[in-house]
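Protein chains: 2
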Amino acid sequence: MTRPFANALELLRAARLRPTRQRLALARLLFEKGDRHVAAEELHGEALAAQVPVSLATVYNTLHQFVGAGLLREVVINPGRSYFDTNVSDHHHFFYEDSGKLRDIPGDSIAVTNVPPPPDGGSIRRVDVVVRVEKAASKARS
Amino acid sequence: MTRPFANALELLRAARLRPTRQRLALARLLFEKGDRHVAAEELHGEALAAQVPVSLATVYNTLHQFVGAGLLREVVINPGRSYFDTNVSDHHHFFYEDSGKLRDIPGDSIAVTNVPPPPDGGSIRRVDVVVRVEKAASKARS
DNA sequence: AAAACAGATTATAATAGTTCTAGACTATTG
DNA sequence: CAATAGTCTAGAACTATTATAATCTGTTTT
Ligand SMILES: [Mn+2]
Ligand SMILES: [Mn+2]
Ligand SMILES: [Zn+2]
Ligand SMILES: [Zn+2]
Chain A
833 MTRPFANALE LLRAARLRPT RQRLALARLL FEKGDRHVAA EELHGEALAA
883 QVPVSLATVY NTLHQFVGAG LLREVVINPG RSYFDTNVSD HHHFFYEDSG
933 KLRDIPGDSI AVTNVPPPPD GGSIRRVDVV VRVEKAASKA RS
Chain B
833 MTRPFANALE LLRAARLRPT RQRLALARLL FEKGDRHVAA EELHGEALAA
883 QVPVSLATVY NTLHQFVGAG LLREVVINPG RSYFDTNVSD HHHFFYEDSG
933 KLRDIPGDSI AVTNVPPPPD GGSIRRVDVV VRVEKAASKA RS
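Chains A and B, in that order, are what the protein sequence lines are.
Each residue of the first sequence is one higher than the one before, starting from 833 at the first, in this note's numbering.
Each residue of the second sequence is one higher than the one before, starting from 833 at the first, in this note's numbering.
This is how it looks when you write it as structure tokens:
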């Protein structure tokens, strides 16, 4: 139960980012609520609602800095909108097509086997699995 | 070696789309060159280069109609740009991070096992695997 | 504690990919 | 041939995101 960073300040220090009002507030919103998959505008809305006046540009800057520092992961599923994932461990996702929500699948509960080596050289950096879920439960029928 | 549609005309007929000059030309560009992963603006450029003056709006319309007819699949990897995949069989992708190119992995050469049932109900419509490939070959070293 | 500096924030403009609109065009049908 | 429904297109609009450049703030130096 020992979270890697007890508070936002430590987290920013470890990432070598100045602990500004905006970054502290965004870090708290992101990391003090368990795992989340949040879009930039969504987080901006939460910040404003929490009386933290921060510009959308800063939200984007901060999210990308956090990704660069390994605190967040960017997940792209649909064109035109990125999700930022506070879970940076090895894991995969359910994508609920009707609601647009993401949900984690622990990395060790899925196995991807027999991945061939990349034909054009290079090394595998990551394997992303997205399980697309549709609403109706059509059971084994064309 | 029997391709599903010998020519673009048949293909459009089967999809119940009027065989207009633009759609015929786009169908030929898409399907007469083997499997491809092409973005809308790219295809538009090819059409213009091939002396087929077609508007970008029509390229988008046509691509989406083809997706609706099951002739194409839309693949989203990066924010802000969709790829349209002429391979609609069950398969997965290598994504080369430096060049932005996609390459097919046959569906039967990868196995995704132990996928848990979706926690919030619904049924699995598809499982997409993206293998991200980076240039340098860093072999089993942190 | 001031001053100086580097780094951060912000309003605003710009960009990129995509979609919308509404009028002109065209394939199909009788 | 109409008549009709479907299609195409230029251009505007839209959305998410990024760039700009001036202002501000956290940190370091004096
Ligand atoms: Mn990004
Ligand atoms: Mn689309
Ligand atoms: Zn996740
Ligand atoms: Zn493919």
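All residues carry an ideal CB built from backbone N, CA and C; glycine is no exception.
Keep in mind the model is a prediction, meaning the values are calculated, not measured.
Boundaries (first-last residue) of the beta strand (DSSP E) holding residue i
i, result
"B/Arg935", "933 to 938"
"A/Glu864", "Segment: none, A/Glu864 is in no beta strand (DSSP E) and carries neither H nor E."
"A/Ala881", "Element bounds for A/Ala881: not the beta strand (DSSP E) but the alpha helix (DSSP H), 872 to 881."
"A/Asn910", "905 to 910"
"B/Ala941", "The residue you asked about is not Ala; residue 941 of chain B is Ser in the sequence shown. First-last for B/Ser941: undefined, no H or E at that position."
"B/Glu966", "955 to 966"
"B/Ser914", "913 to 917"
Interface residues of chain A facing residue i [CB-CB closer than 9 angstroms]
i, result
"B/Ala968", "Gly954, Ser955"
"B/Glu929", "Gly954, Arg957"
"B/Arg964", "Ile956, Arg957, Arg958, Val959, Asp960"
Own chain, CB closer than 7 angstroms to residue i, minus 5 neighbours either side, in chain order
i, result
"B/Gln897", "Leu849"
"A/Asp936", "Asp867, Asn919, His923, His925"
"B/Glu906", "Val899, Ser914, Phe916"
"B/Lys967", "Asp930"
"B/Gly902", "Val920"
"B/Asn893", "none"
"A/Ala847", "Ala901, Leu903"
Residue interval of the alpha helix (DSSP H) (run including residue i)
i, result
"B/Thr894", "888 to 900"
"B/Arg845", "840 to 846"
Proximal residues of chain B, C-beta to C-beta of residue i below 9 angstroms
i, result
"A/Pro951", "Phe926, Arg935"
Partners in chain A for residue i, counting only beta-carbon separations shorter than 8 angstroms
i, result
"B/Ser912", "Here the sequence assigns Gly to residue 912 of chain B, which means Ser is not the residue at that position. By Cβ distance, chain A contributes Pro911, Gly912."
Cross-chain neighbours of residue i in chain B, by beta carbon under 8 angstroms
i, result
"A/Ser921", "Residues of chain B passing the Cβ test: none, with the nearest at roughly 16 angstroms."
"A/Val908", "Val908, Ile909, Asn910, Pro911"
Partner residues on chain B for residue i, Cβ-Cβ distance less than 7 angstroms
i, result
"A/Ser941", "Asn946, Pro948"
Cβ neighbours of residue i in the same chain (closer than 6 angstroms, five flanking residues each side left out)
i, result
"B/Met833", "Interpretation of B/Met833 is limited by its pLDDT of 46, a score under 50 that renders its predicted location unreliable; the figure taken from the coordinates is listed afterwards. Here the set comprises nothing."
"B/Val891", "Ala872, Leu875, His876"
"B/Glu878", "Leu861"
"A/Val965", "Phe926, Tyr928"
"B/Leu841", "Pro851"
"A/Pro938", "His923"
"B/Ser974", "For B/Ser974, the pLDDT reaches just 39, beneath the cut-off of 50, and the residue's location in the model is therefore unreliable, leaving the point undetermined."
Chain-order list of residues whose beta-carbon lies under 8 angstroms from that of residue i (same chain, five-residue window excluded)
i, result
"B/Leu880", "Val886"
"A/Asn910", "Gly932"
"A/Leu888", "Ala872, Glu873, His876"
"A/Ser955", "none"
"B/Val908", "Ser914, Tyr915"
"A/Arg845", "Pro851"
"A/Leu801", "The question about residue 801 of chain A has no answer here: the residues shown for chain A are numbered 833 through 974."
Any non-hydrogen atom of ligand 6 within 6 angstroms of residue i CB
i, result
"A/Ser914", "Only ligand 1, ligand 2, ligand 3 and ligand 4 can be found as ligands here, which leaves ligand 6 out of the picture."
Counting pairs of Cβ atoms below 8 angstroms between the region 920 to 940 of chain A and the region 946 to 957 of chain B, do you hit three or more? yes
The region 849 to 856 of chain B in contact with the region 954 to 969 of chain A per 3-pair CB rule at 8 angstroms: no
Pocket of ligand 3 defined by Cβ to heavy atom distance under 5 angstroms: A/Asp917, A/Asn919, A/Asp936
Do the region 861 to 871 of chain A and the region 910 to 919 of chain A meet, that is, are 3 or more Cβ pairs less than 8 angstroms apart? yes
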